[in-house]
Amino acid sequence: MKVKVSFQGILSEWAGKQKVEVDLPEEGKFGDLLSELKRLLGTRMPPQVWHGENKNMNPSVWAMRGQERLVDPQAPLKDGEEIIFILGIAGG
């Protein structure tokens, strides 16, 4: 299956592209998407984007599916859906 990924703001500069289409196995999950993004873009993204040695992104990087923030690596994805990655920054 294919999932569309959009990077917003500084994330698109770090990724070197604003949009990418990612091939995932059928029944792909959010964790599969993160693993594939790390494989494809890991060296382009600064280390602070990734959360330790695991395949998750730092909690300040938000993955949005419509109005839903994806956090659970086991969350199922659907063919053709778009996931938008943004840097969640809070100000005071």
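Numbering (the numbering used here) for the sequence shown: 1 to 92. Every residue, glycine too, gets a C-beta built ideally from N, C-alpha and C.
For this session: Spell out the partners DSSP gives Met-64 in its beta bridges.
Result: For the purposes of this step, residue 64 is taken as residue 64 along the sequence shown, with counting starting at 1. Answer is Arg-69, Ile-84, bridged to Met-64.
For this session: Please report the residue range of the alpha helix (DSSP H) in which Lys-38 lies.
Result: The sequence position of residue 38 within the sequence shown is 38, counting from 1. First-last of the alpha helix (DSSP H) with Lys-38: 30-41.
For this session: Answer yes or no: do Trp-14 and Arg-39 have a C-beta to C-beta separation smaller than 8 Å?
Result: Here residue 14 refers to the residue found at position 14 of the sequence shown. Here residue 39 refers to the residue found at position 39 of the sequence shown. The Cβ atoms of Trp-14 and Arg-39 do not sit closer than 8 Å to each other.
Problem set entry | Nearest candidate by alpha-carbon position, reference Leu-33, set Leu-87, Gly-88, Val-71 | In the sequence shown, residue 33 corresponds to position 33, counting from 1. Checked all of Leu-87, Gly-88, Val-71; the closest Cα to Leu-33 is Val-71.
Exercise. Between which two residues does the alpha helix (DSSP H) containing Glu-13 stretch?
Worked result: To locate residue 13, count along the sequence shown from 1; it is residue 13. Element bounds for Glu-13: 10-15.
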